[in-house]
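Q: So the sequence lines, in the order shown, correspond to chains F and E. For the first sequence, position 344 (counting from the first letter as 1) is numbered 344 according to UniProt numbering, and the numbering increases by one without interruption. For the second sequence, position 104 (counting from the first letter as 1) is numbered 104 according to UniProt numbering, and the numbering increases by one without interruption. Supplied in structure tokens, the structure appears directly below.
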Amino acid sequence: MTTSSLPPSVIATLPGGHYTDENIFALEQARVFESMWVCVVRAADLAKPGAFKTVQVGRESVLVTRARDNSIRAFLNVCRHRGARIKAEECGEVKRAFQCPYHAWTYDLEGKLIAAPNLTKMPDIDRVEYGLINVHVREWLGYVWVNLADDPTPFEEEVQGQVVERLGDLDSIHNYDVANLGLARRTVYDVKSNWKLIVENFMECYHCATIHPELTEVIPEFAEGLATQLSVGHGAEFGEDIEGFTVDGSAGADRIDGVSEDQNRRYYGLTVRPLVFINLVPDHVILHRMFPLAVDRTVVECDWLFRKDVVDSGRDLDSSIELFHRVNVQDFEACERTQLGMGSRAYARGGVLVPSEHHIGGFHEWVLDRLGTTLA
Amino acid sequence: MIPACALAALPRGEAFRLDTVEPPIAVFHTDDGELYAVDDTCTHQDASLADGWLEGCEVECPLHASRFDLRTGHADGPPAKLPVRTHGVVVEDGTVYVVPSDLPPNLPPGARARTV
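Below, the structure written as structure tokens:
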């Protein structure tokens, strides 16, 4: 079957190989994850100078830390001497320097080489030139975003531009004061699925009535299968008898101060390509960060953020958190189930997108464009 | 007496590495305003103590974290075992001078040969 022979109601997906082919994944690592702004760490997780986290961005391990002046820095996690990984741990804290465990090359929190055995006998080794390699860093919404490109697209254009495209303006997200919310829960999901299946799933709601019974109870319009992301500024309204964005529709926590009347009792979902989802409801924000580790494996870190006073009060937030945790589990099971079919000859030419999913075709075009390829 | 640097060029908390002598000498200006001079080279491995971390009257080697007492030269613990030599410090007319010790230095294996 060729694209031209498809019935008019549907359009083609990507072929199955785009979800299983190591070479395509390698191209995505280089041209998507290592060339775009990626949200990697919650800034508050780096509480003080010397606190660090290591994250996988494309093929690179990146060391993210807070310097003496409290600014966030990020480096390729590779010693400039013989290439050993500086920090193997996922997180930790150094007192004042990063030291390679192999030959003890030692770098300060700004990445500058400050000591090494026999270094004083090699005055021609420039300590900045042979410092850790910096990557571009930006803090926004209380998160650290990094970009491994030499010359990144401006953050405003690439990241904030997508938010404006979805919500109409930046004020709409700043109303939620995301940077000053507190972390109530973090759940890490290890999903045996290609990252694109997770993005595509988040972009459509055709599956909602089938796999998300609790969510469609809270937001009845989701049962119609239309994606909330389709029209600019649209928030999906809570059901009439629903008191809050909770697993049983009971009242949620205190509303975030800046949330407007228009935004009250509504859910806004945003896809920030390539690897971030942001969900806004009146009393909390749910932020997903994806870390594609292999063509068929993606780790998703999901944070639930509420007002700091709500988190500090220790009140039970389980009914709020449980709703989207269930959605996550339901979605990721579906993605894993779909991944199983990607290598089948039944899907060699891909499947189809129904009208309420046609906008996913735009995502596919975007991916192909990033990779500099077209479908054969 | 060997001139090291201008006192004004050595703020508190900083070190100056005098490398016109062999082995080099590190002069420290502590947060309390005291001046001390010790051999710059850690006795465990060739590393510059002037690149280390000054805390009170101690300097921590930047490579393996042995701490040397600037008053006595003693190491607080492994991997360094031997003390660094201490030297006299004199300030005259705004210049810091070092009065070198006449004891033999305790240099690490790699650095020893170069001093001959």
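C-beta: ideal position from N, C-alpha, C; glycine also. The structure presented is a predicted model; accordingly, all values stated were derived computationally and were not measured.
Kindly indicate if chain E contains any beta-carbon less than 8 Å away from that of threonine 120 of chain F.
A: Counting from 1 along the first sequence, the entry for residue 120 of chain F is found at position 120. So, interface residue.
Q: Examine chain F for any beta-carbon lying closer than 8 Å to the beta-carbon of proline 46 of chain E, and answer yes or no.
A: As a working mapping, residue 46 of chain E is identified with position 46 in the second sequence. According to the sequence as given, residue 46 of chain E is aspartate; it is not proline. Judged by the 8 Å Cβ criterion, aspartate 46 of chain E is in contact with chain F.
Q: Find the residues of chain F that neighbour aspartate 39 of chain E, judging by a C-beta separation of less than 8 Å, and give them in chain order.
A: On the second sequence, position 39 is the one that residue 39 of chain E refers to. None at all; the shortest Cβ gap to chain F is about 12 Å.
Q: Among F:Gly343, F:Asp169, F:Pro154, which one has its Cα closest to the Cα of aspartate 296 of chain F?
A: As a first step, residue 296 of chain F is located in the first sequence; it is residue number 296 there, counting from the start. The shortest Cα separation from aspartate 296 of chain F among F:Gly343, F:Asp169, F:Pro154 belongs to F:Gly343.
Q: Tell me which same chain residues have a C-beta within less than 8 Å of the C-beta of glycine 110 of chain E, skipping the five on either side of it?
A: For this step, residue 110 of chain E is matched to residue 110 along the second sequence. Correct list, in chain order: Gln45, Asp46.
Q: Kindly indicate which residue of F:Gln56, F:Ala43, F:Ser61 has the alpha-carbon position closest to the one of residue 378 of chain F.
A: An answer regarding residue 378 of chain F cannot be provided, because it is not within the stretch 1 to 376 covered by chain F.
Q: I need the straight-line Cα distance from phenylalanine 68 of chain E to tyrosine 36 of chain E, nearest angstrom please.
A: Counting from 1 along the second sequence, the entry for residue 68 of chain E is found at position 68. Counting from 1 along the second sequence, the entry for residue 36 of chain E is found at position 36. C-alpha separation (whole angstroms): 12 Å.
Q: Using a Cβ cut-off of 7 Å, pull out every chain F residue sitting near aspartate 51 of chain E, in sequence order please.
A: Taking the second sequence and counting its residues from 1, one reaches residue 51 of chain E at position 51. Those are Ile114, Ala115, listed as they occur along chain F.
Q: With a cut-off of 8 Å, does the C-beta of glycine 110 of chain E fall near any C-beta of chain F?
A: Stepping through the second sequence from its first residue, residue 110 of chain E is reached at position 110. Yes, glycine 110 of chain E counts as interfacial toward chain F.
Q: With a threshold of 8 Å between beta-carbons, can histidine 29 of chain E be considered close to chain F, or not?
A: As a working mapping, residue 29 of chain E is identified with position 29 in the second sequence. Taking Cβ atoms only, chain F never reaches closer than 8 Å to histidine 29 of chain E, which makes this a no.
Q: Quick check: the Cα distance between proline 3 of chain E and valine 62 of chain F, rounded to an integer number of angstroms?
A: Along the second sequence, one-based indexing puts residue 3 of chain E at 3. Along the first sequence, one-based indexing puts residue 62 of chain F at 62. Spanning the two alpha carbons is a distance of roughly 45 Å.
Q: On the DSSP bridge assignment, give the partners of cysteine 5 of chain E in chain order.
A: For the purposes of this step, residue 5 of chain E is taken as the residue at position 5 of the second sequence. Partner(s): E:Val96.
Q: Ordered along the chain, which non-local residues of its own chain (more than five positions away) have a Cβ less than 7 Å from that of alanine 113 of chain E?
A: Along the second sequence, one-based indexing puts residue 113 of chain E at 113. In this predicted model, alanine 113 of chain E has a pLDDT of only 49, less than 50, meaning its place in the structure is not dependable enough to derive any value.
Q: Spell out whether any CB of chain F is found under 8 Å from the CB atom of threonine 115 of chain E.
A: Against the second sequence, residue 115 of chain E aligns to sequence position 115. Unreliable positioning characterises threonine 115 of chain E in this predicted model, as indicated by a pLDDT of 45, which lies under 50. The coordinate reading is nonetheless provided below. So no, threonine 115 of chain E is outside the interface.
Q: Against chain E, does arginine 96 of chain F count as a neighbour if the rule is that its beta carbon must be under 8 Å from one of theirs?
A: Start at 1 with the first residue of the first sequence, and residue 96 of chain F comes out as number 96. Closer than 8 Å: yes.
Q: For the beta strand (DSSP E) containing threonine 106 of chain F, name the first residue and the last one.
A: Taking the first sequence and counting its residues from 1, the one referred to as residue 106 of chain F is at position 106. Residues 106-108.
Q: By the 10 Å Cβ neighbour count, where 16 or more other Cβ atoms means buried, how is leucine 148 of chain F classified, buried or exposed?
A: Locating residue 148 of chain F in the first sequence gives position 148, where the first residue counts as 1. Leucine 148 of chain F should be labelled buried.
Q: Any idea which residues DSSP pairs methionine 290 of chain F with across the strands?
A: Along the first sequence, one-based indexing puts residue 290 of chain F at 290. Paired residue(s): F:Val300.
Q: Taking 8 Å as the threshold (C-beta atoms), are leucine 63 of chain E and proline 123 of chain F in contact?
A: Numbered from 1 along the first sequence, position 123 holds the residue referred to as residue 123 of chain F. Numbered from 1 along the second sequence, position 63 holds the residue referred to as residue 63 of chain E. In this structure, leucine 63 of chain E does not lie closer than 8 Å to proline 123 of chain F by Cβ.
Q: Spatial neighbours of valine 57 of chain F within its chain, please: CB distance less than 7 Å, with the 5 preceding and 5 following residues excluded, ordered by chain position.
A: Here residue 57 of chain F is taken as the residue at index 57 of the first sequence, counted from 1. Taken in chain order, the residues that qualify are Phe33, Glu34, Val38, Val40, Val146, Leu148.
Q: In this structure, how does DSSP classify histidine 234 of chain F when only helix, strand and coil are distinguished?
A: Here residue 234 of chain F is taken as the residue at index 234 of the first sequence, counted from 1. Coil.
Q: For the beta strand (DSSP E) that contains histidine 359 of chain F, what are its first and last residues?
A: On the first sequence, position 359 is the one that residue 359 of chain F refers to. No beta strand (DSSP E) holds histidine 359 of chain F; DSSP gives it neither H nor E.
Q: Could you give the DSSP three-state label for residue 385 of chain F: helix, strand or coil?
A: Residue 385 of chain F lies beyond the stretch modelled for chain F, which goes from 1 to 376, so this question has no answer here.
Q: Going by beta carbon distance, what residues of the same chain come within less than 6 Å of isoleucine 24 of chain F, once the five residues before and after it are set aside?
A: Working through the first sequence from its first residue, we reach residue 24 of chain F at position 24. So the qualifying residues of the chain are His18.
Q: Where glutamate 89 of chain F and arginine 12 of chain E are concerned, what is the direct C-alpha to C-alpha distance, given to the nearest angstrom?
A: Along the first sequence, one-based indexing puts residue 89 of chain F at 89. Along the second sequence, one-based indexing puts residue 12 of chain E at 12. Approximately 36 Å, taken between the alpha carbons.
Q: Distance check for proline 105 of chain E and valine 116 of chain E, CA to CA, integer angstroms please.
A: Within the second sequence, residue 116 of chain E is the residue found at index 116, counting from 1. Within the second sequence, residue 105 of chain E is the residue found at index 105, counting from 1. With a pLDDT of only 39 at valine 116 of chain E, under the threshold of 50, the placement of this residue in the model should not be trusted, and no figure is reported.
Q: Name the residue from F:Ala26, F:Arg370, F:Leu215, F:Lys196 whose alpha carbon lies nearest to the alpha carbon of valine 329 of chain F.
A: To locate residue 329 of chain F, count along the first sequence from 1; it is residue 329. When only C-alpha atoms are compared, the closest one is F:Leu215.
Q: Going along the segment 72-92 of chain F in order, which residues come within less than 7 Å of chain E, judged by CB to CB distance?
A: So the list is empty, because no residue satisfies the distance condition.
Q: Among E:Thr41, E:His29, E:Gly73, which residue has its Cα nearest to the Cα of alanine 6 of chain E?
A: Taking the second sequence and counting its residues from 1, one reaches residue 6 of chain E at position 6. Of the candidates E:Thr41, E:His29, E:Gly73, the one whose C-alpha sits nearest the C-alpha of alanine 6 of chain E is E:His29.
Q: Here's the rule I'm using: 16 or more other beta-carbon atoms within 10 Å means buried, otherwise exposed. How should valine 96 of chain E be labelled?
A: The residue given as residue 96 of chain E occupies position 96 in the second sequence. Under this definition valine 96 of chain E is a buried residue.
Q: Leaving out five residues before and five after arginine 326 of chain F in sequence, what residues of the same chain have Cβ atoms less than 6 Å from its Cβ?
A: For the purposes of this step, residue 326 of chain F is taken as the residue at position 326 of the first sequence. Hits under 6 Å: Glu214.
Q: Taking just the CA atoms, how far does glutamate 93 of chain F sit from lysine 48 of chain F?
A: Residue 48 of chain F sits at position 48 when you count from the first residue of the first sequence. Residue 93 of chain F sits at position 93 when you count from the first residue of the first sequence. Going by the C-alpha atoms only, they are around 9 Å apart.
Q: Answer with yes or no whether the minimum CB distance from alanine 104 of chain F to chain E is below 8 Å.
A: Position 104 of the first sequence holds residue 104 of chain F. For alanine 104 of chain F, the answer is yes, since a Cβ of chain E falls inside 8 Å of its Cβ.
Q: Could you give the distance in angstroms between the alpha-carbon of tryptophan 302 of chain F and the alpha-carbon of threonine 120 of chain F?
A: Against the first sequence, residue 302 of chain F aligns to sequence position 302. Against the first sequence, residue 120 of chain F aligns to sequence position 120. Inspection of the sequence shows that residue 302 of chain F is occupied by cysteine rather than by tryptophan. Between cysteine 302 of chain F and threonine 120 of chain F, the C-alpha separation is close to 47 Å.
Q: Tryptophan 304 of chain F to tyrosine 130 of chain F, Cα distance in whole Å?
A: In the first sequence, the residue the question calls residue 304 of chain F occupies position 304. In the first sequence, the residue the question calls residue 130 of chain F occupies position 130. Rounded to whole angstroms, tryptophan 304 of chain F to tyrosine 130 of chain F spans 40 Å at the Cα level.
Q: So what does DSSP say about proline 8 of chain F, is it helix, strand or coil?
A: Sequence index remark: in the first sequence, residue 8 of chain F carries index 8 (1-based). If DSSP states are grouped into helix, strand and coil, proline 8 of chain F belongs with coil.
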